[in-house]
Amino acid sequence: MKKKILAAAVMAAMTLSTASVFASPVFSGDTKVEYINNDQDTSLISRFRLNVDANVDNVLNVHARYNTGGYDMRNGQSTVDAAIDQAYIGATIKDTELRLGRQSLWLGNGALMDGDAFNGGQIATSFDNVKLSGFFGKDADGLKTTQAEIITAIDSVNVGANYLKLDDTKYYGVNFDTKIMENAVFNVEYVNNTTDKKDGYIAGIKVGNAVQKGDFDYGLAYRNIEAGAVTKYSTDTQFDDSKGFRVEANYKVTDNSTLNIKQDIAKDQARNDKDHTDVTFTVNF
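Numbers 7 to 291, taken from our numbering, label the letters of the sequence shown in order.
Below, the structure is given as structure tokens:
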């Protein structure tokens with residue numbers, strides 16, 4: 007069944023690419039192997055994603071992504087279902103970009119939103135030193151989703167503020183980052199579930215920047231996030247209901263592959279251990 011889905015995605019992209027003589031389909035993607043160790047669970051997950059992009063003309067473009075989901079390599083069991091999690095028509099007019107269809111969403115540093123397979127419309131524009139974006143639609147479960155974000159820079163400080171409504175629950179977040187040394191960045195993100203009156207924050211320092219082969223960076227972060235303060239689409243499922251430290255490092259094995267290591271030393275709000283080890287090797291192509 008999954009082979010049929012992949013074949014359908016490729017055929018759909020090829021069909022779209024022939025819609026115009028201006029179309030030039032480009033294939034790219036990524037694959038990863040991820041080792042996860044929690045207090046009561048250990049897994050070894052593999053995932054593959056394939057992107058297809060084509061420019062229809064100077065304004066319109068199409069994009070699709072097939073995601074195999076996740077498989078535990080130890081027993082072959084699926085952890086996340088395969089799906090076409092991105093399939094949209096885009097348009098770029100001067101400094102404004104429009105997307106209509108199934109797409110991924112992101113807010114701030116990812117604490118509130120870093121999710122796929124949202125169906126709807128998104129608009130992003132910029133002027134002077136300000137970037138604005140908004141989305142309206144539904145998630146894969148049919149829940150109404152509305153979000154908006156503004157990003158700007160004040161002197162040497164990058165600042166962002168965002169709003170999210172997921173079904174009947176409302177959230178907002180603010181974040182900023184700034185260089186404290188030549189190769190070190192300090193960042194903070196605060197989030198608030200205004201409906202359930204839950205909040206939390208993450209503050210961290212990152213040193214270095216892993217961009218090309220041989221580069222290395224590392225960071226230390228502290229977080230204190232109440233249960234329910236972030237959504238299920240948070241960039242890391244470990245964030246919700248947690249308090250403690252994270253040590254993280256990235257090493258560029260090649261220009262197109264990265265080794266990432268995370269270690270959480272944390273507890274939930276009830277003081278139960280929530281330690282977490284994550285080692286991921288990712289290859290982009």
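Ideal Cβ placement from N, Cα and C applies to all residues, glycine included. All values reported here derive from a predicted model rather than from experimental measurement.
- Of the candidates Ile-211, Lys-176 and Asp-174, the residue whose Cα lies closest to the Cα of Glu-188 is Ile-211.
- Excluding its 5 nearest sequence neighbours in each direction, Asn-215 has C-beta neighbours in its own chain below 6 Å: Asp-223, listed in chain order.
- Taking C-beta atoms under 8 Å as the contact rule, Tyr-178 and Asn-198 qualify, at a distance of about 6 Å.
- Ranking Ala-154, Ile-271, Asp-134 and Asn-135 by CA distance to the CA of Phe-142 puts Ala-154 first.
- No Cβ-Cβ contact shorter than 8 Å links Gly-140 with Ile-157.
- Taking C-beta separations shorter than 6 Å and ignoring five residues to either side along the sequence, the partners of Ser-52 in its chain run Val-39, Tyr-77 and Met-79, following chain order.
- For Asp-202, the closest of Glu-195, Thr-237 and Asn-135 by C-alpha to C-alpha distance is Thr-237.
- Across the structure, Tyr-207 and Val-62 are spaced so that their CA atoms are roughly 43 Å apart.
- In this structure Ala-209 is not in contact with Ser-248, their Cβ atoms being roughly 14 Å apart against a cut-off of 8 Å.
- Note: Asp-78 is bridge-paired with Ile-51 in the DSSP secondary-structure output.
- Distance between Lys-150 and Tyr-239, taken at the CA atoms: about 14 Å.
- One alpha carbon belongs to Ala-159, the other to Asn-278, and they sit about 39 Å apart.
- Beta-bridge pairing by DSSP links Gln-269 to Val-253 and Thr-283.
- Spatial neighbours of Asp-59 in its own chain (CB-CB distance under 6 Å, excluding positions within 5 residues in sequence) are listed in chain order as Val-32 and His-69.
- Of Leu-172, Thr-152, Lys-176 and Asn-181, the smallest CA-CA separation from Val-165 is found for Asn-181.
- When the five nearest sequence neighbours on each side are left out, the beta carbons in the same chain lying within less than 8 Å of the beta carbon of Ala-233 are those of Lys-204, Asp-246, Asp-247, Asp-274 and Gln-275, in order along the chain.
- Approximately 28 Å separates the beta-carbon atoms of Ile-99 and Tyr-72; this is outside 8 Å, ruling out the contact.
- By DSSP's assignment, Arg-108 forms a beta bridge with Ala-93 and Asn-125.
- By the CB criterion at 8 Å, Thr-283 and Asp-120 fall outside the cutoff.
- Excluding five sequence positions before and after Arg-105, the CB atoms of its chain that fall closer than 6 Å to its own CB belong to Tyr-94, Gly-96 and Gln-128, given in chain order.
- A distance of 8 Å or more separates the beta carbons of Ala-88 and Gly-107.
- About 7 Å separates the beta carbon of Asp-101 from that of Phe-133, a gap short enough to meet the 8 Å contact definition.
- For Gly-35, the three-state secondary structure derived from DSSP is strand.
- Residue Ser-34 holds the alpha-carbon nearest to the alpha-carbon of Leu-56 among Tyr-41, Leu-111, Thr-184 and Ser-34.
- By the Cβ-count criterion, Leu-226 is exposed, with fewer than 16 other Cβ atoms from all chains shown falling within 10 Å of its own Cβ.
- Look at Gln-46 here: in three-state DSSP terms it is coil, with no helix or strand label.
- Secondary structure note for Ser-84: its beta strand (DSSP E) is the uninterrupted segment 84-86.
- Annotated three-state conformation of Tyr-239 is coil, per DSSP.
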